[in-house]
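2 protein chains.
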Amino acid sequence: MNEMTSNDLNLVPFVSVDHMMKIVLEIGVEKVLTGIAEYLENDFKRWELFDKTPRVASHSNEGVIELMPTSDGEVYGFKYVNGHPKNTKEGLQTVTAFGVLADVNTGYPVLLSEMTILTALRTAATSAMAAKYLMPKGSKTMAMIGNGAQSEFQALAFKAITGISNLRLYDIDATATDRCAKNLNGLGFNIVKCNSEQMAVEGAEIITTVTADKQYATILTDNMVGSGVHINAIGGDCPGKTELHKDILLRSEIFVEYPPQTRIEGEIQQLPEDYPVTELWQVMTGDAEGRTTDKQITLFDSVGFAIEDFSALRYIRDQLEATGQFQNLDMVADPDDPRDLFGMILRAQAAQGK
Amino acid sequence: MNEMTSNDLNLVPFVSVDHMMKIVLEIGVEKVLTGIAEYLENDFKRWELFDKTPRVASHSNEGVIELMPTSDGEVYGFKYVNGHPKNTKEGLQTVTAFGVLADVNTGYPVLLSEMTILTALRTAATSAMAAKYLMPKGSKTMAMIGNGAQSEFQALAFKAITGISNLRLYDIDATATDRCAKNLNGLGFNIVKCNSEQMAVEGAEIITTVTADKQYATILTDNMVGSGVHINAIGGDCPGKTELHKDILLRSEIFVEYPPQTRIEGEIQQLPEDYPVTELWQVMTGDAEGRTTDKQITLFDSVGFAIEDFSALRYIRDQLEATGQFQNLDMVADPDDPRDLFGMILRAQAAQGK
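Residue numbers (the working numbering), protein chains in the order written: chain A, 930 to 1283; chain B, 930 to 1283.
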């Protein structure tokens, strides 16, 4: 447990994986999800003032490594994140991530944090925040297709933020469904384990698709989606990776985070480049309409955007003083005289008595 | 002092500012500079296989924050670096930086390092490596205009890598010159402190310009540069910031790192977009000529490129096992089952006995 040492500019608070788990456990996962959603709403409502750029991706045969920067003019943030679907077979995470916040005024970093767990939290909080604006009023039942690493976070965010209580789970790997159901046991859900996508969507007002593997590219077909449903499509998030049949898209009102990125990475990569979509932030500010009728199918085509990581990092930074869950890293050279960097090394040498 | 724990993939070795100083002192600064130059040569000679992209910059009124990524197909690296000229007045560094290496095959980070000191080292090593190919044979005297945070590193790199021994120092702030001379005292130089740029360049075969402030935009005028000189121009490194009068450029053979970036940021931003320049790596592989006559003025218009940071990070990574100068950070979530991220949190809870 450390004091925040804001006067020591060379020290940068670091939130490790262990710290992040302790923050989540100390505050409570649903409260953390609700808190992140509040920071997300705050930032989505001032969307226009952010520096926005599509992520900077480095592709290889095995996967992708991306940098996702943004800035609100006072605080700069970026996330490093990889996506390697083949990792799971080697006992590794498909996605790992860490992130940084920095002071725009000085350029000094002010936070380094793990973001593997935090990305799962912010993705779930973003999904639930979008659903709050788009789902049919009073929705209680969510189908969740894909029961992997993201699934429990999605379920808990929808419970905490939108009030759903019934979960219908399906995964092509039944052990994933079993594990998800077991992990969520006792957390306030009525859970039905399903044998097919068709069974999972029965009676669901919300359908969340959160699959990872490129080879099951059409996990929802048109006949499975009834009128009035809200679809929360998480898994289609890179070029060549989609989850929904194109016919579903053509029947839906489509909401996205940042169109230049979603048109490359999202479900709408299946549609013409000028196909009309609505930016989610505009629904939140009242500049655009969300759901307008009970019969409408709404689709949140989520790919994840840098501003969401920014919001999540801001939230975590604001929990450090109360929780003490961080360690300070000596990351920034801080000589007494900033023009005398070499002298700092000489003084370290003198201090060693060499 | 830690063991390298390459089996614990959740742990990432972190090299702090203090560790970096100890590595430099333990190995010796000139040997470190020579070592980095060897890694640079190795990487410049396989330039074509790198993923290359201009840096991703976020500009504000106060300065700039940049991400500089690259990859050789096996290792990915990026640097975070800021540039805030006004910081010095507040007792802060103009430039601070840190960097990361990651395994392209898994996307997992494998090194986090401070790069404020390391950037000064790699910039100096790059300058001296370029001069080795471009300066007049047997050069012994270097003028150095600008005696700030980079100056001692430049001097030592040129001594270790090119064999210069005479230094002629000038800075508009005489206290900077005094400090630089004092810091280099006893390190094997004949040092002359000069009262003007004109005096500094007298008899110098190499002229290094390494100033920071935007307002002194022409620190070398045409009449100061005699035939046969090699100019190492470091300070002109962002749009609107140059150090040399355009007439000097027109008399010089110009060598650059990565033309798409240098045309925006370097001295050659003063020239037409199609003005001929030579890429330094081609001189090193023999694909292009370097200096061809004794009378020629050669100019290395250096702005710093991601591959140089990559080389420097590779060098540092290879010193960790022998020096033990790092600490392991718990940066990557590593559940027993990669699909069970939430279960990892539940098990942490169980371990707490909550």
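All C-beta atoms, glycine included, are put in the ideal place defined by N, C-alpha and C.
With distance defined between alpha-carbon atoms, name the residue in the options nearest to residue i.
i: ILE1101 (chain B); options: B:GLN1127, B:LEU954, B:MET1071 and B:SER945; result: B:GLN1127
i: PRO1014 (chain A); options: A:ALA1141, A:PHE943, A:GLN1278 and A:PRO1189; result: A:ALA1141
i: LEU938 (chain A); options: A:LEU1116, A:PHE1271, A:GLN1278 and A:ASN1257; result: A:ASN1257
i: GLU1291 (chain B); options: B:MET1213, B:ALA1241 and B:TYR1244; result: Outside the modelled stretch of chain B, which goes from 930 to 1283, sits residue 1291 (chain B), for which no answer is possible.
i: GLU1182 (chain B); options: B:TYR1204, B:THR1052 and B:ARG1192; result: B:TYR1204
i: ASN1034 (chain A); options: B:GLU1019, B:GLN1198 and B:ASP1032; result: B:GLU1019
i: VAL1060 (chain A); options: A:VAL1185, A:ILE1193 and A:GLY1195; result: Correcting the residue identity first, residue 1060 (chain A) is Ala in this sequence and not Val. Nearest C-alpha to ALA1060 (chain A): A:VAL1185.
i: PHE979 (chain A); options: A:THR963, A:PRO998 and A:ILE965; result: A:PRO998
i: ASN1152 (chain A); options: A:GLY1028, A:ARG1180, A:ALA1162 and A:LEU1041; result: A:ARG1180
i: PRO1038 (chain A); options: B:ASN1114, B:LEU1030, B:GLN1022 and B:LEU969; result: B:GLN1022
i: HIS988 (chain B); options: A:HIS988, A:ASP1001, A:VAL1010 and A:ASP947; result: A:ASP1001
i: LYS1008 (chain A); options: A:ARG1108, A:GLU1194, A:ILE1236 and A:ASP1247; result: A:ILE1236
i: GLY1272 (chain B); options: A:TYR968, A:LEU962, A:PHE1082 and A:THR963; result: A:PHE1082
i: LYS1066 (chain A); options: A:ILE965, A:GLY1219 and A:THR963; result: A:GLY1219
i: ALA1089 (chain B); options: B:GLU1131, B:CYS1109, B:PHE1118 and B:THR1171; result: B:PHE1118
i: ASP1216 (chain B); options: B:THR1222, B:TYR968, B:THR1207 and B:ASP1223; result: B:THR1207
i: ALA1162 (chain B); options: B:VAL1232, B:ARG1108 and B:ALA1054; result: B:VAL1232
i: ALA966 (chain B); options: B:ILE1093, B:ILE1120, B:ASP1238 and B:ALA1072; result: B:ASP1238
i: SER1156 (chain A); options: A:SER945, A:VAL953 and A:THR1227; result: A:THR1227
i: GLY1195 (chain A); options: A:GLY1132, A:THR1104, A:TYR1244 and A:VAL1139; result: A:VAL1139
Between residue i and residue j, what straight-line distance do the alpha-carbon atoms span, to the nearest angstrom?
i: ASN1016 (chain B); j: ASP1259 (chain B); result: 32 Å
i: GLU955 (chain A); j: LEU1173 (chain A); result: 38 Å
i: ASP1265 (chain B); j: LEU1178 (chain A); result: 37 Å
i: ILE994 (chain A); j: GLY1012 (chain A); result: 7 Å
i: GLN1281 (chain B); j: GLY957 (chain A); result: 14 Å
i: THR934 (chain A); j: VAL941 (chain A); result: With a pLDDT of 42 at THR934 (chain A), under the threshold of 50, the predicted position of this residue should be treated as unreliable, and no value is reported.
i: LEU1200 (chain A); j: ASP1176 (chain A); result: 10 Å
i: PRO1267 (chain A); j: ASN971 (chain B); result: 32 Å
i: THR1070 (chain B); j: ASN1112 (chain B); result: 18 Å
i: THR1045 (chain A); j: ALA1026 (chain A); result: 5 Å
i: ALA1129 (chain B); j: ILE1135 (chain B); result: 11 Å
i: SER1240 (chain B); j: PHE1087 (chain B); result: 18 Å
i: MET930 (chain B); j: LYS951 (chain B); result: At MET930 (chain B) the pLDDT is 36, less than 50, meaning the model places this residue with poor confidence; the figure from the coordinates comes in the next sentence. Whole-angstrom Cα-Cα distance: 12 Å.
i: THR1252 (chain A); j: GLU991 (chain A); result: 38 Å
i: GLU932 (chain A); j: GLU1250 (chain A); result: Note on GLU932 (chain A): pLDDT 42, under 50, position unreliable in the model; the coordinate value appears next. For GLU932 (chain A) and GLU1250 (chain A), the distance between alpha carbons rounds to 7 Å.
i: GLN1211 (chain B); j: LEU1242 (chain A); result: 43 Å
i: VAL1158 (chain A); j: MET1064 (chain A); result: 7 Å
i: MET1058 (chain A); j: THR1091 (chain A); result: 8 Å
i: GLY1077 (chain B); j: ILE1148 (chain B); result: 15 Å
i: GLN1198 (chain B); j: PHE1229 (chain B); result: 14 Å
i: THR1052 (chain A); j: LEU1096 (chain A); result: 18 Å
i: HIS948 (chain A); j: VAL1004 (chain A); result: 23 Å
i: ALA1049 (chain A); j: ARG1276 (chain B); result: 17 Å
i: VAL1010 (chain B); j: ILE1120 (chain A); result: 48 Å
From what residue to what residue does the beta strand (DSSP E) around residue i run?
i: ILE1337 (chain B); result: Since the first residue of chain B shown is 930 and the last is 1283, residue 1337 (chain B) is not available in this structure.
i: GLN1256 (chain B); result: 1256-1259
i: LEU996 (chain B); result: 993-1000
i: ALA1072 (chain B); result: 1070-1074
i: LEU940 (chain A); result: 940-944
i: SER1042 (chain A); result: 1038-1043
i: ILE1308 (chain A); result: Because chain A is modelled from 930 through 1283, residue 1308 (chain A) falls outside the range shown and cannot be assessed.
i: LYS1122 (chain A); result: 1119-1122
i: THR1137 (chain B); result: 1135-1138
i: LEU1098 (chain B); result: 1095-1099
At what residues does the alpha helix (DSSP H) containing residue i begin and finish?
i: LEU1275 (chain B); result: 1270-1281
i: GLU1081 (chain A); result: 1080-1091
i: ASN1161 (chain B); result: Per DSSP, ASN1161 (chain B) belongs to no alpha helix (DSSP H); it is in the beta strand (DSSP E), 1159-1162.
i: LEU1113 (chain B); result: 1103-1113
At 3 residues or longer, and completely inside the stretch 1166-1212 of chain A: list those beta strand (DSSP E) runs for me, N to C. As summarised for the stretch 1166-1212 of chain A, the continuous beta strand (DSSP E) elements at least 3 residues long and confined to that stretch are 1181-1185, given in chain order.
What residues from the stretch 1238-1263 of chain A come within 9 Å of chain B, judged by C-beta to C-beta, listed N to C? GLN1256, LEU1258, ASP1259, MET1260, VAL1261, ALA1262 and ASP1263
May I ask you to list, following chain order, the residues of the stretch 1267-1281 of chain B that have a beta carbon less than 8 Å from some beta carbon of chain A? PRO1267, ARG1268, ASP1269, LEU1270, PHE1271, GLY1272, MET1273, ILE1274, LEU1275, ALA1277, GLN1278 and GLN1281
Give, in chain order, every residue of the stretch 984-997 of chain A whose Cβ lies closer than 8 Å to some Cβ of chain B. VAL985, SER987, SER989, GLU991, GLY992, VAL993, ILE994 and LEU996
Below 7 Å between beta carbons is the criterion; list the residues of the stretch 1058-1091 of chain A that meet it against any residue of chain B, in chain order. GLY1077, ALA1078, GLU1081 and PHE1082
Check each residue of the stretch 939-971 of chain A: if its Cβ is closer than 9 Å to any Cβ of chain B, include it; give the result in chain order. ASN939, VAL941, PHE943, SER945, VAL946, ASP947, HIS948, MET949, MET950, LYS951, VAL953, LEU954 and VAL958
Could you please tell me which residues of the stretch 1106-1122 of chain B, in chain order, have their CB closer than 7 Å to any CB of chain A? ARG1108 and ASN1112
Sequence ranges, beta strand (DSSP E) only - wholly within the stretch 966-1027 of chain A, length at least 3: Taken in chain order, the complete beta strand (DSSP E) segments of 3 or more residues contained in the stretch 966-1027 of chain A are 985-988, 993-1000 and 1004-1012.
For the stretch 1026-1037 of chain B, which residues have a CB atom closer than 8 Å to at least one CB atom of chain A, in sequence order? Listed by position, the residues of the stretch 1026-1037 of chain B near chain A (Cβ gap below 8 Å) are PHE1027, VAL1029, ALA1031, VAL1033, ASN1034, THR1035, GLY1036 and TYR1037.
Chain A contacts made by the stretch 1164-1186 of chain B, where a contact means CB separation under 8 Å: Sequence-ordered contacts of the stretch 1164-1186 of chain B with chain A are nonexistent [C-beta pairs closer than 8 Å].
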